[in-house]
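Undergrad: The numbering used here applies: residue 56 is where the sequence shown begins, and numbers increase by one. First, the structure itself, so that you have it in front of you.
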Amino acid sequence: MILLTGGESMSRLFDLDWQLLADSTLMIIAIFFLFLILSYFLFNPARKMLNGRKEKIRTELDTAKHAMENAQNLKREYETKLQGVDKEAEAILSEARRKALVNENHIIAQAKEEAARILDRARVEAELEKQKMSDDVKREIIVVASLMAGKIVSASMDTAAQNQLIDETIKEMGEKTWLN
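Pasting the structure below:
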């Protein structure tokens with residue numbers, strides 16, 4: 056203690072005695088155990104929750120990143136498919152055009168064959184008709200000749216009259232009839 060003039064004693068400002076040290080030590084130990092208990096019951100769950108949330112956010116970010124990559128891959132794949140579809144459509148159209156040309160050529164060939172058959176049939180029918188007409192003319196000539204022979208016999212004509220009658224008949228029938 057410090058004595059001041061006038062008989063008063065002045066007490067210490069910071070009085071360190073054993074009781075204060077023991078109380079302080081007990082208080083420090085209590086605070087340490089309180090910290091350990093709070094750490095176990097409060098800080099550890101809070102840390103676990105924060106770490107869990109951090110992991111969840113990281114997982115969601117990774118999932119979003121993978122989803123974005125998948126979406127970009129799908130976009131490229133669809134663009135490629137769209138280009139392929141255009142090429143495939145063009146191939147289908149060109150194949151259809153080619154088949155149409157083949158069918159057109161086939162139809163034209165069939166029409167030409169049919170026209171050739173019709174022309175051949177018409178030629179054959181014309182030949183038959185010509186033959187028939189020729190046969191009819193020959194029959195008429197035979198009929199005329201027999202009539203003429205009958206007239207010659209009945210008229211008992213002389214040769215000059217007979218020659219004149221034959222010449223007139225030939226002129227009536229025409230020279231083409233005899234040439235066929």
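The beta-carbon is built from N, C-alpha and C at its ideal position, and this holds for glycine as well.
What's the gap between the Cα of GLU63 and the Cα of ILE84?
TA: Note that GLU63 scores 49 on pLDDT, short of 50, meaning its location in the model is unreliable; the coordinates nonetheless yield the value given after this. Distance between the alpha carbons of GLU63 and ILE84 is about 38 Å.
Undergrad: What are the start and end residues of the alpha helix (DSSP H) that includes ASP78?
TA: Segment 73 to 93, the alpha helix (DSSP H) holding ASP78.
Undergrad: Assign ASP213 to one of three DSSP states: helix, strand, or coil.
TA: ASP213 falls in the coil class under three-state DSSP.
Undergrad: For GLN217, which of PRO100, ARG172 and MET203 has the nearest alpha-carbon?
TA: When each option's Cα is compared against that of GLN217, the closest is MET203.
Undergrad: Could you check whether the segment 214 to 228 touches the segment 189 to 203, counting it as contact only if at least three pairs of C-beta atoms, one from each stretch, sit closer than 8 Å?
TA: The segment 214 to 228 is in contact with the segment 189 to 203.
Undergrad: Quick check on the DSSP output: what are the complete beta strand (DSSP E) runs of length 3 or more inside the segment 128 to 195, in order along the chain?
TA: Those beta strand (DSSP E) runs which fall completely within the segment 128 to 195 and span 3+ residues do not exist here.
Undergrad: My understanding is that THR224 touches VAL198, with C-beta atoms under 8 Å, so please give their C-beta distance in whole angstroms.
TA: Incorrect: roughly 11 Å between the Cβ atoms, too far for contact.
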